[in-house]
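If you're matching positions, the sequence shown starts at 317 in this note's numbering and goes up one per residue. Quick reminder that beta carbons are idealized off the backbone N, C-alpha and C, glycines included. Data block below; observations after.
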Amino acid sequence: MRAILHLLKLGKPGVLRTLTIHMETHIQVPEFISTGDAELVEQATSILAPIDSLSLRGVRFAWDCPVYHNLVQLQISNIPYESSPHIRDILDILSACPLLRMLRISDMTILQGDTIPLEPVYLTQLEQLDLIALTYESLDLLLPLIVPQAKDLSLRITLLAFEDHLASAIHSFLKRTNVTRLFLQQDLVARCLPAVPNLRALVVDLGEQPGGACLSEFSHCHGSDDCLIPRCPNLHTLHFYSGWLPSTPYKKLSRHTPAFKSLDSRLAM
317 MRAILHLLKL GKPGVLRTLT IHMETHIQVP EFISTGDAEL VEQATSILAP
367 IDSLSLRGVR FAWDCPVYHN LVQLQISNIP YESSPHIRDI LDILSACPLL
417 RMLRISDMTI LQGDTIPLEP VYLTQLEQLD LIALTYESLD LLLPLIVPQA
467 KDLSLRITLL AFEDHLASAI HSFLKRTNVT RLFLQQDLVA RCLPAVPNLR
517 ALVVDLGEQP GGACLSEFSH CHGSDDCLIP RCPNLHTLHF YSGWLPSTPY
567 KKLSRHTPAF KSLDSRLAM
């Protein structure tokens, strides 16, 4: 922390564009990084304001700090529970970043706070959204209130525990976005694929389990003729990891998916 305070006091204004502060994974700092007393605030703001790429792990600035404004990339992870942001804090940050292209929130909690109705935030430039190991409550709060509007969105979601209600919330989120690249756990495949017809690339975490069953979700029968129709006709890349696959189902998948080009079959048996 001394190095950060030294930067805020003696750094050259208008130079810093990227700031990464990563604590060791087992270290979480409950106190926020102070931008100093009244005499230092103006100097600190001049240092932090030009930053457009911010990555924090295990540590944070105050949630209303200007360092969170006008970002193009934002990564926040491993924040201790007692320092958790409220959903309004997150929405205020996102509203202050109209050009945000990449957002990654992981291993932390988002709290509800007050019950005042909140307006959704429209993220017109967002291209990559990673929501990793967030609590059920956090995702349930966040997903309905962010609206990515980019033509192609890359989405990664991993759950700490599978919940039917949360799977429905994820499905609803997918229906109102244009996700073309998706990373998810095997348990979510059946719920999510019908909502992503424009999907081009998919990564599935098998969770050390066999993956043959989820392959049946990639197509569905049409009418009474048992003709298989691909759910994602534009899918060309499929990657499975942390598990194993039987060979027959994915060969069948490639036959029924016209755009299919690449399958990582290193796990096939």
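Rounded Cβ spacing between residue i and residue j (contact assumed at less than 8 angstroms)
{"i": "Ile448", "j": "Ile426", "result": "So it is not a contact: roughly 13 angstroms between Cβ atoms."}
{"i": "Leu324", "j": "Ile367", "result": "No, Leu324 and Ile367 are not in contact; Cβ-Cβ is about 12 angstroms, not under 8 angstroms."}
{"i": "Leu445", "j": "Pro464", "result": "6 angstroms"}
{"i": "Ile473", "j": "Ile462", "result": "Wrong, their Cβ atoms sit about 12 angstroms apart, outside the cutoff."}
{"i": "Arg376", "j": "Ile395", "result": "6 angstroms"}
{"i": "Tyr384", "j": "Ala412", "result": "6 angstroms"}
{"i": "Pro346", "j": "Ala365", "result": "Actually they are not in contact, since the Cβ atoms of Pro346 and Ala365 sit about 26 angstroms apart, beyond 8 angstroms."}
{"i": "Leu482", "j": "Cys508", "result": "The Cβ separation is near 12 angstroms, so there is no contact."}
{"i": "Leu442", "j": "Ala466", "result": "5 angstroms"}
{"i": "Arg278", "j": "His552", "result": "Examination of residue 278 is not possible in this model, given that the chain is present from 317 through 585 alone."}
{"i": "Ser454", "j": "Asp423", "result": "Ser454 to Asp423, Cβ: 11 angstroms. No contact."}
{"i": "Val533", "j": "Val512", "result": "Correcting the residue identity first, residue 533 is Glu in this sequence and not Val. Rounded, the Cβ-Cβ distance is 12 angstroms, inconsistent with contact."}
{"i": "Phe348", "j": "Ala319", "result": "Between Ala319 and Phe348 the Cβ distance is about 16 angstroms, and since that is not below 8 angstroms, they are no contact."}
Beta carbon of residue i nearer than 9 angstroms to that of residue j
{"i": "Leu531", "j": "Leu561", "result": "yes"}
{"i": "Leu475", "j": "Asp503", "result": "yes"}
{"i": "Ser558", "j": "Asp521", "result": "yes"}
{"i": "Gln369", "j": "Leu356", "result": "In the sequence as presented, Gln is not what sits at residue 369; that position holds Ser. Their beta carbons are not under 9 angstroms apart, which means Ser369 does not touch Leu356 by this criterion."}
{"i": "Asn514", "j": "Asn550", "result": "yes"}
{"i": "Ile409", "j": "Leu439", "result": "no"}
{"i": "Thr336", "j": "Leu372", "result": "yes"}
{"i": "Leu458", "j": "Arg497", "result": "no"}
{"i": "Gln344", "j": "Ser399", "result": "yes"}
{"i": "His338", "j": "Gly374", "result": "yes"}
{"i": "Pro460", "j": "Ser488", "result": "yes"}
{"i": "Ile432", "j": "Leu450", "result": "no"}
Three-state secondary structure (DSSP) of residue i
{"i": "His322", "result": "helix"}
{"i": "Asp368", "result": "coil"}
{"i": "Val519", "result": "strand"}
{"i": "Thr406", "result": "The sequence given here has Ile at residue 406, not Thr. In this structure, Ile406 counts as helix in the three-state DSSP scheme."}
{"i": "Pro329", "result": "coil"}
{"i": "Ile486", "result": "helix"}
{"i": "Thr361", "result": "helix"}
{"i": "His385", "result": "coil"}
{"i": "Arg582", "result": "Because Arg582 carries a pLDDT of 45, less than 50, the predicted location of this residue cannot be relied on, and no value is offered for it."}
{"i": "Ser411", "result": "helix"}
{"i": "Glu524", "result": "strand"}
{"i": "Pro510", "result": "helix"}
{"i": "Glu398", "result": "helix"}
{"i": "Ala477", "result": "coil"}
{"i": "Ala529", "result": "helix"}
{"i": "Lys467", "result": "coil"}
For residue i, the residue or residues it bridges with in DSSP
{"i": "Ile392", "result": "Leu372, Ile421"}
{"i": "Arg472", "result": "Asp446, Phe499"}
{"i": "Ile589", "result": "Residue 589 lies beyond the residue range present for the chain, which begins at 317 and ends at 585; the question has no answer from this structure."}
{"i": "Leu335", "result": "Leu370"}
Practice task
Would you mind listing the alpha helix (DSSP H) stretches within the region 417-464 that are 4+ residues and don't spill past its ends, in chain order?
Solution key: Note on the region 417-464: whole alpha helix (DSSP H) runs with a minimum of 4 residues are 452-458, in chain order.
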